[in-house]
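Heads up: the sequence shown is residues 39 to 224, going by the working numbering.
Glycine included, every Cβ here is placed at the ideal spot set by N, Cα and C.
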Amino acid sequence: MDKTSMLYQDMEDELLITRDRIAERIRALGEQITKDYADGNLVCVSILKGSVFFFADLIREIDLPLTIDFIQASSYGDSTKSSGFVHIKKDLDRDIEGKDVLLIEDIVDSGRTLAYLKTMLKERGANSIRIATLLDKPEGRQVEMEADYVGFIIPNAFVVGYGLDYAERYRNIPEIGILRPRVYQG
Ligand code: 5GP
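Right under this line is the structure:
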């Protein structure tokens with residue numbers, strides 16, 4: 039798929055992050071994580087659904103034995119603003135006691151989802167919990183939350199592509215752009 043695809047028509051013309059930049063940044067993050075967890079017992083957890091492409095690409099750049107798991111939390115519904123409530127739609131399959139958990143997220147905005155998940159997983163006895171996020175919107179923050187690995191810091195706009203959706207669409211666009219407001223303003 040390229041920019042002539044009809045899927046790109048709802049994104050601003052200027053892409054925010056191209057596929058080449060995404061791949062390059064993920065290689066660097068993978069290298070750093072490989073160094074940091076050399077002696078760890080690593081479990082990589084994808085926060086569904088937005089992180090699936092980032093997760094799949096990132097873990098293949100981590101040169102260590104690891105296991106994977108999935109969790110789904112929701113706070114958004116079909117709107118572009120956080121509802122403020124976090125609800126677990128799908129929990130982990132495996133016990134994480136004594137494990138080094140790397141939570142892999144698409145984007146940190148208000149920080150509520152990750153603050154909630156981090157507290158919940160800490161209570162289950164993980165040895166360590168760190169966060170890797172592809173995107174960070176620091177201007178949206180409403181609770182204290184800092185990711186340990188950040189792909190890109192972006193402005194306070196609503197973005198789609200590379201896993202990120204609006205009303206479940208646009209996830210399959212291979213790069214990241216700002217959604218045209220006309221799409222959600224009707
Ligand atoms: P937080 O709890 O940090 O406010 O929200 C994190 C979640 O909100 C993300 O996992 C993502 O699902 C959604 N989100 C926040 N900002 C954006 C955005 O710009 N685009 C999309 N598609 N989702 C976003």
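Neighbourhood of residue i by C-beta, 7 Å cutoff - its chain only, sequence neighbours within 5 removed
i	result
Ile142	Cys82, Val83, Ser84, Ile85, Ser89, Phe92, Phe93, Leu96, Ala170
Ser112	His125, Lys127
Pro176	Ile191
Residue i Cβ short of 7 Å to ligand 1 heavy atom set
i	result
Thr157	no
Lys5	Not covered by the structure: residue 5. The range shown for the chain is 39 to 224.
Phe196	yes
Leu9	With the chain covering 39 to 224 only, the question about residue 9 has no answer from this structure.
Ile145	yes
Ser227	Since the first residue shown for the chain is 39 and the last is 224, residue 227 is missing from the structure and cannot be characterised.
Lys73	no
Thr105	no
Leu152	yes
Gly88	yes
Gly149	yes
Lys137	no
Neighbourhood of residue i by C-beta distance below 6 Å, restricted to the same chain and skipping five residues each side
i	result
Lys156	Ile167
Leu172	Phe92, Asp144, Gly189
Reference residue i, options the options, closest by Cα
i	options	result
Phe190	Gly215, Gln110, Ile126	Gly215
Asp107	Glu99, Val124, Phe123, Lys128	Lys128
Asp77	Leu104, Ala185, Asn194	Leu104
Lys87	Leu140, Asn210, Asp174	Asn210
Thr56	Thr72, Met39, Ile71	Met39
Backbone CA spacing between residue i and residue j [nearest angstrom]
i	j	result
Asp101	Lys137	18 Å
Thr42	Asp203	19 Å
Glu161	Ala205	32 Å
Arg179	Asn79	31 Å
Glu135	Leu159	9 Å
Asn165	Gly68	21 Å
Residue i vs residue j beta-carbon contact at 8 Å
i	j	result
Glu49	Leu217	Looking at the sequence shown, residue 49 is not Glu but Met. Yes, these two residues count as a Cβ contact at 8 Å.
Gly149	Val198	no
Met183	Val146	yes
Glu99	Ile64	yes
Close beta carbons around residue i, own chain, < 8 Å, minus the five adjacent residues each side
i	result
Asp186	Arg168, Ile169, Ala170
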